[in-house]
Amino acid sequence: MESATVQHLTSDLFRIDGRQPVRVIRLPADLSGDHAEVVGLQLLAHSGGDALVAVIDLAGVDTLPLLMLGHVVDFARAVHRRGGSVGFAGPTPPVACVLRTTELDTLIPVYTDLADALHDAAR
0 MESATVQHLT
10 SDLFRIDGRQ
20 PVRVIRLPAD
30 LSGDHAEVVG
40 LQLLAHSGGD
50 ALVAVIDLAG
60 VDTLPLLMLG
70 HVVDFARAVH
80 RRGGSVGFAG
90 PTPPVACVLR
100 TTELDTLIPV
110 YTDLADALHD
120 AAR
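Numbering (numbering that gives the first Met the number 0), first residue to last: 0 to 122.
Okay, here's the thing in structure tokens:
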């Protein structure tokens with residue numbers, strides 16, 4: 000049996016108008032099973048570093064499994080402990096529904112798209 004290739008998250012650092020850097024983390028589309036565990040560990044690895052503002056780009060994500068939600072919450076806690084902030088950008092309708100149902104949208108700001116999140120981060 001052939002094993003599936005685990006997709007990895009990508010991360011970019013933006014500095015807007017000379018302000019503090021913003022870490023944009025793009026989650027891969029497949030967050031099921033082992034993918035969620037690998038991506039979750041990668042996500043936690045980005046909770047340190049030089050950016051106190053992080054945006055998790057959900058534009059390509061169709062489902063957000065419970066395991067991945069736990070990793071996202073752990074990530075947000077780690078960033079908040081450092082005095083930083085986290086936001087979600089561009090969730091698809093099913094993911095937006097999960098964020099509302101779990102009430103994560105009351106704890107972590109949700110932006111329509113990445114441009115809105117970066118615009119808010121630049122303030």
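Ideal Cβ positions, reconstructed from N, Cα and C, are used throughout, including at glycine.
Backbone CA spacing between L51 and P20 [nearest angstrom]
7 Å
Return the CA-CA distance between H34 and A121, expressed in angstroms with no decimal places.
32 Å
D61 in three-state terms, based on DSSP
coil
Tell me, which residues are paired with L12 by DSSP?
R22
Less than 8 Å separating the beta-carbons of D104 and Y110?
no
Might you give, ordered along the chain, the residues of its own chain that have their beta carbon closer than 7 Å to the beta carbon of V97, omitting 5 neighbours on each side?
L63
Classify A95 as helix, strand or coil using the three-state DSSP reduction.
helix
As a quick exercise: from T101, I24, H7, L68, pick the residue whose alpha carbon is nearest that of L117.
Of the candidates T101, I24, H7, L68, the one whose C-alpha sits nearest the C-alpha of L117 is I24.
Helix, strand or coil: how does DSSP classify D123 here?
Because the chain in this structure spans residues 0 to 122, residue 123 falls outside the shown range and cannot be described.
Pair within 8 Å by beta-carbon distance, L43 and A77:
yes
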